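Peer 1:
Chains as they are written, first to last, in the numbering used here: chain F, 1 to 471; chain B, 1001 to 1294.
#1: Would you give the residue range spanned by the beta strand (DSSP E) that residue 1075 (chain B) belongs to?
#2: Give the straight-line distance between the Cα atoms of residue 61 (chain F) and residue 1108 (chain B), rounded to the nearest whole angstrom.
#3: For residue 213 (chain F), is the classification buried or exposed, using 16 other Cβ atoms within 10 angstroms of its Cβ as the cut-off for buried?
#4: Cβ of residue 389 (chain F) within 8 Å of Cβ of residue 379 (chain F)?
#5: On the criterion of 16 or more Cβ atoms from any shown chain inside 10 Å, does residue 352 (chain F) qualify as buried, or is it exposed?
#6: Does the distance from the C-beta atom of residue 1180 (chain B) to that of residue 1095 (chain B) stay below 8 Å?
#7: Relative to the C-alpha of residue 240 (chain F), which candidate in F:299, F:307, F:300, F:406 has its C-alpha closest?
#8: Excluding the five sequence neighbours on either side, which residues of its own chain have a C-beta within less than 7 Å of the C-beta of residue 434 (chain F), listed in chain order?
#9: Is the beta carbon of residue 298 (chain F) closer than 8 Å to that of residue 229 (chain F)?
#10: On the DSSP letters alone, give me the boundaries of the alpha helix (DSSP H) that residue 187 (chain F) sits inside.
#11: As a quick exercise: from B:1082, B:1183, B:1029, pick the residue whose alpha carbon is nearest that of residue 1225 (chain B).
#12: According to DSSP, residue 231 (chain F) sits in a beta bridge with which residue or residues?
#13: Short of 9 Å Cβ to Cβ, which residues in the stretch 1100 to 1112 of chain B face chain F?
#14: DSSP on residue 481 (chain F), reduced to helix/strand/coil?
#15: Could you compute how far the alpha carbon of residue 1028 (chain B) sits from the alpha carbon of residue 1039 (chain B)?
#16: Are the CB atoms of residue 143 (chain F) and residue 165 (chain F) nearer to each other than 8 Å?
#17: Give, in chain order, every residue of the stretch 95 to 112 of chain F whose Cβ lies closer than 8 Å to some Cβ of chain B.
#18: If I measure Cβ to Cβ from residue 437 (chain F) and keep anything under 6 Å in the same chain, skipping five residues before and after, which residues do I get?
#19: In the DSSP assignment, find the unbroken alpha helix (DSSP H) run with residue 322 (chain F) in it and report its ends.
#20: Within 8 Å (strictly less), CB to CB, does residue 31 (chain F) reach chain B?
#21: List the residues of chain B whose Cβ lies closer than 7 Å to the Cβ of residue 442 (chain F), in chain order.
#22: Check whether chain B comes within 8 Å of residue 294 (chain F), counting only Cβ atoms and requiring the distance to be less than that.
#23: DSSP beta-bridge partners for residue 97 (chain F)?
#24: Given a threshold of 16 other Cβ atoms within 10 Å of its Cβ, counted over all protein chains shown, does residue 1112 (chain B) qualify as buried or as exposed?
#25: By DSSP, does residue 349 (chain F) sit in helix, in strand, or in coil?
#26: Whose C-alpha, out of B:1132, B:1176, B:1177, B:1174, is nearest the C-alpha of residue 1159 (chain B)?
#27: Whose CA, out of B:1017, B:1061, B:1093, B:1130, lies closest to the CA of residue 1178 (chain B)?
#28: Quick one: is residue 229 (chain F) near chain B, going by C-beta distance under 8 Å?
#29: I'd like to check one pair, residue 169 (chain F) with residue 134 (chain F): are the Cβ atoms closer than 8 Å?
#30: Looking only at its own chain, which residues have a Cβ that is under 6 Å from the Cβ of residue 1276 (chain B), when we skip the five neighbours before and after it?
#31: According to DSSP, simplified to helix, strand and coil, what is residue 25 (chain F)?
#32: Can you tell which of B:1076, B:1061, B:1218 has the C-alpha that lies nearest to the C-alpha of residue 1289 (chain B)?
#33: In three-state DSSP terms, what is residue 69 (chain F)?
#34: Measuring alpha carbon to alpha carbon, tell me which of F:97, F:237, F:303 ends up nearest residue 186 (chain F).
#35: Are residue 1233 (chain B) and residue 1209 (chain B) touching if we call contact CB-CB under 8 Å?
#36: Could you say which of B:1243, B:1291, B:1194 lies nearest to residue 432 (chain F) if we only look at CA atoms?
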């Protein structure tokens, strides 16, 4: 090799090595900074501390825009970015980073983040999806940022749902409430208006499983329309499946939430009832492959006459009608889920939890930020969904939305803050699929689920940091 | 001693080359080799969000007792064997059909078959998902229009798996066509001319000239396809979520479920290690058989 080539090789090599090392250098610097922050315990008052604090907030894609989702260019997470900017104005040492995480990716993303110690400081999501993290001791209590006024403004049942061992783990912000809806125009078209339970346009009507089935039979004659769509293709929307399994009085858990009891006679009866709908041709084909989003879409496309329906779908319907992406007429009658007993719907709190970052200053700042945007004037943004604060709910103008908000009193607690609930829901669907494809009987499917679920529960109880008093 | 001195001399002679690959090697060791050993280590632990307990071979023992894992292994074997065989057969068939046509025609065919490889698996799977949707899909619409009502092909445990196999096969076929065409074009023209003079039919040319001479490509593609297909995840995740009733669950999907849904990183790592063993075994078998043939 000539001398010139050797020199050139050496220069290139030095360049490559220095580039690589400088990349590692960057990483090392930031890691050192993080470690430095973790070792410090800052003042609880973030305004007094000038140490830089970076807060990361992950949110479920709930509503677009800040206060008005119809504004051009509105996107998910805009509200938290807007509130973050105002928070930073008051706390110049703080930066707020907002990321929108689709519900279907939530568990995987959080799991990876927790195991790699890169979890967000704040997560905005549903109470039942967050309790696994509470049981694992990853969420800090928010008692110190919740005032008596907050407690009085939000229903006690909601606080119960986010409290364990006397600690409040979530600051509730809005609610998602699930019912059913009937397409009144399709019922009229089938000459079956009489089978719509009496109540009126802005009410939520009750019906029994038999009345429900009769109504479905009446619209079966419509061409290109399925009376109803059941789904068990994936875990999303499992709340509805559980409520349908409870329609004859079965309960997912026993009273203290330590045992799965859905495989009793009433649970089996409910599952057989669903199968009877399939056998009579009252369901859209392929329940074992359909998912909750398919089912919503079928209803909004006027392909089903009756559907599961929540306040988010109600907003989507109204926005679609306004934007003319959904064709008029589209009149609906809201109904509770069919029940042989009390009326049933679900209502879960959507709110903010704060992950334990191990850095006192960061955790306190995250709590202060949660308090900041869940109070006046920002709390009005919850009207884009369904507000939980009574002071905000009274500003609702849509009478049906008011009724939906009020119906939360009939909501059924389906998760009961059980440890391992996220695993429980994952093991329900294969059993429902086995039943719907005829591989198992109703009793076999529910027994198999109960067996798996009870093992998961037992394991969850044994490993729960919360239940074992370690935290 | 002499050996050591010889080794040192050899190393010093090649030191420029070693120094050049050093940065990449460092990255390779950190990001590729280390995770393999970390995965192996984790497979002997029960890993929770905040706890880690040594459990020895318990994760492996549980796996072999788990009927879902056995089902996933069998599904994976079906995937690997069928997709690889179909890709090789159709890849060869298409390549031998067009290798002596004009370059424009060949490019067009190559482009057509390579198109699925260029679009993402996500887009590919979502399109298929829409087509086979039981309530709103193209397939059910066509079946309805000819009087076949309420059919859900993805709800049939056997059919659903084969639909996924077809999706994976179409996705892999482009690569086989590209590789085989490149290999066939590389065969010396004299071989074909000699065959023509001897009056060999097209079938004989394919059987006695092309297939033997492209066998290194076949060997390379088979190994590549094994490794690629055994990791099948996105199509399963997006199209069936492993259902109905685990009928389409594969090892990679189960690994994902255990790791990120069930939060059982130890068991997921054990599945990962089992995949490593199975890929290695399949590759060794393929290598031995193809070498013996050659």
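Backbone N, C-alpha and C fix where the C-beta goes; we use that ideal spot for every residue, glycine too.
If you're wondering where the values come from, they're calculated on a predicted model, not measured in any experiment.
Peer 2: This is what the structure holds:
#1: Within the second chain, residue 1075 (chain B) is the residue found at index 75, counting from 1. Residue 1075 (chain B) -> not in any beta strand (DSSP E); alpha helix (DSSP H) instead, spanning 1067 to 1098.
#2: Walking along the first chain from the start, residue 61 (chain F) turns up at place 61. Walking along the second chain from the start, residue 1108 (chain B) turns up at place 108. Going by the C-alpha atoms only, they are around 43 Å apart.
#3: Start at 1 with the first residue of the first chain, and residue 213 (chain F) comes out as number 213. Buried: at least 16 other Cβ atoms inside 10 Å.
#4: One-based indexing of the first chain puts residue 389 (chain F) at position 389. One-based indexing of the first chain puts residue 379 (chain F) at position 379. Yes, the Cβ-Cβ distance between residue 389 (chain F) and residue 379 (chain F) is below 8 Å.
#5: Translated into the one-based positions of the first chain, residue 352 (chain F) becomes position 352. Buried, since its Cβ has 16 or more Cβ neighbours within 10 Å.
#6: Looking up residue 1180 (chain B) in the second chain gives position 180. Looking up residue 1095 (chain B) in the second chain gives position 95. Taking 8 Å as the Cβ cut-off, residue 1180 (chain B) and residue 1095 (chain B) qualify as a contacting pair.
#7: Translated into the one-based positions of the first chain, residue 240 (chain F) becomes position 240. Comparing alpha carbon positions, the residue from F:299, F:307, F:300, F:406 closest to residue 240 (chain F) is F:307.
#8: Along the first chain, read from residue 1 onward, the residue named residue 434 (chain F) stands at position 434. Excluding sequence neighbours, residue 434 (chain F) sits near 440, 445.
#9: By one-based count along the first chain, residue 229 (chain F) stands at place 229. By one-based count along the first chain, residue 298 (chain F) stands at place 298. A contact, by the Cβ cut-off of 8 Å.
#10: Locating residue 187 (chain F) in the first chain gives position 187, where the first residue counts as 1. It spans 184 to 189 - the alpha helix (DSSP H) in which residue 187 (chain F) sits, taken as one unbroken run.
#11: Here residue 1225 (chain B) refers to the residue found at position 225 when the second chain is read from its first residue. Cα-wise, what sits closest to residue 1225 (chain B) is B:1082.
#12: Within the first chain, the letter at position 231 stands for residue 231 (chain F). DSSP lists no bridge partner for residue 231 (chain F).
#13: none
#14: The structure shown has nothing for residue 481 (chain F), since chain F only spans 1 to 471.
#15: Reading the second chain from its first residue, position 28 is the one you call residue 1028 (chain B). Reading the second chain from its first residue, position 39 is the one you call residue 1039 (chain B). For residue 1028 (chain B) and residue 1039 (chain B), the distance between alpha carbons rounds to 16 Å.
#16: As a working mapping, residue 143 (chain F) is identified with position 143 in the first chain. As a working mapping, residue 165 (chain F) is identified with position 165 in the first chain. Not closer than 8 Å, so no.
#17: Within the stretch 95 to 112 of chain F, the residues whose Cβ lies closer than 8 Å to some Cβ of chain B are 107, 108, 111, 112, listed in chain order.
#18: Counting from one through the first chain, the residue named residue 437 (chain F) turns up at place 437. The residues are 288.
#19: As a first step, residue 322 (chain F) must be located in the first chain, where it is residue number 322. From DSSP, the alpha helix (DSSP H) with residue 322 (chain F) extends over 311 to 323.
#20: Residue 31 (chain F) sits at position 31 when you count from the first residue of the first chain. Residue confidence is low: residue 31 (chain F) scores 33 on pLDDT, short of 50, so the model does not pin down where it sits. No coordinate-derived value is stated.
#21: Working through the first chain from its first residue, we reach residue 442 (chain F) at position 442. Neighbours of residue 442 (chain F) in chain B, taken as residues whose beta carbon is under 7 Å from its own, are absent, since the nearest beta carbon is some 14 Å off.
#22: Within the first chain, numbered from 1, the residue matching residue 294 (chain F) stands at position 294. Yes - at least one Cβ of chain B is within 8 Å of the one on residue 294 (chain F).
#23: Indexing the first chain from 1 puts residue 97 (chain F) at position 97. F:56, per the DSSP bridge assignment.
#24: Position 112 of the second chain, counting from 1, holds the residue named residue 1112 (chain B). Residue 1112 (chain B) should be labelled exposed.
#25: Start at 1 with the first residue of the first chain, and residue 349 (chain F) comes out as number 349. Strand.
#26: Locating residue 1159 (chain B) in the second chain gives position 159, where the first residue counts as 1. The shortest C-alpha to C-alpha distance from residue 1159 (chain B) to any of B:1132, B:1176, B:1177, B:1174 is the one to B:1132.
#27: Indexing the second chain from 1 puts residue 1178 (chain B) at position 178. Distance from the Cα of residue 1178 (chain B) is smallest, within the candidate group B:1017, B:1061, B:1093, B:1130, for B:1093.
#28: For the purposes of this step, residue 229 (chain F) is identified with residue 229 of the first chain, where counting begins at 1. So yes, residue 229 (chain F) belongs to the interface.
#29: Indexing the first chain from 1 puts residue 134 (chain F) at position 134. Indexing the first chain from 1 puts residue 169 (chain F) at position 169. Yes.
#30: Taking the first residue of the second chain as position 1, residue 1276 (chain B) is located at position 276. Closer than 6 Å at Cβ, skipping near neighbours: no residue.
#31: Within the first chain, residue 25 (chain F) is the residue found at index 25, counting from 1. Caution applies to residue 25 (chain F), whose pLDDT of 36 falls short of 50 and renders its modelled position unreliable; the model cannot decide the point.
#32: Within the second chain, the letter at position 289 stands for residue 1289 (chain B). For residue 1289 (chain B), the nearest C-alpha among the options comes from B:1218.
#33: Sequence index remark: in the first chain, residue 69 (chain F) carries index 69 (1-based). Residue state, collapsed to three classes: coil.
#34: In the first chain, the residue the question calls residue 186 (chain F) occupies position 186. Residue F:303 is the option with its Cα nearest to residue 186 (chain F).
#35: Position 233 of the second chain, counting from 1, holds the residue named residue 1233 (chain B). Position 209 of the second chain, counting from 1, holds the residue named residue 1209 (chain B). In this structure, residue 1209 (chain B) does not lie closer than 8 Å to residue 1233 (chain B) by Cβ.
#36: Stepping through the first chain from its first residue, residue 432 (chain F) is reached at position 432. Measuring from the Cα of residue 432 (chain F), the nearest candidate turns out to be B:1243.
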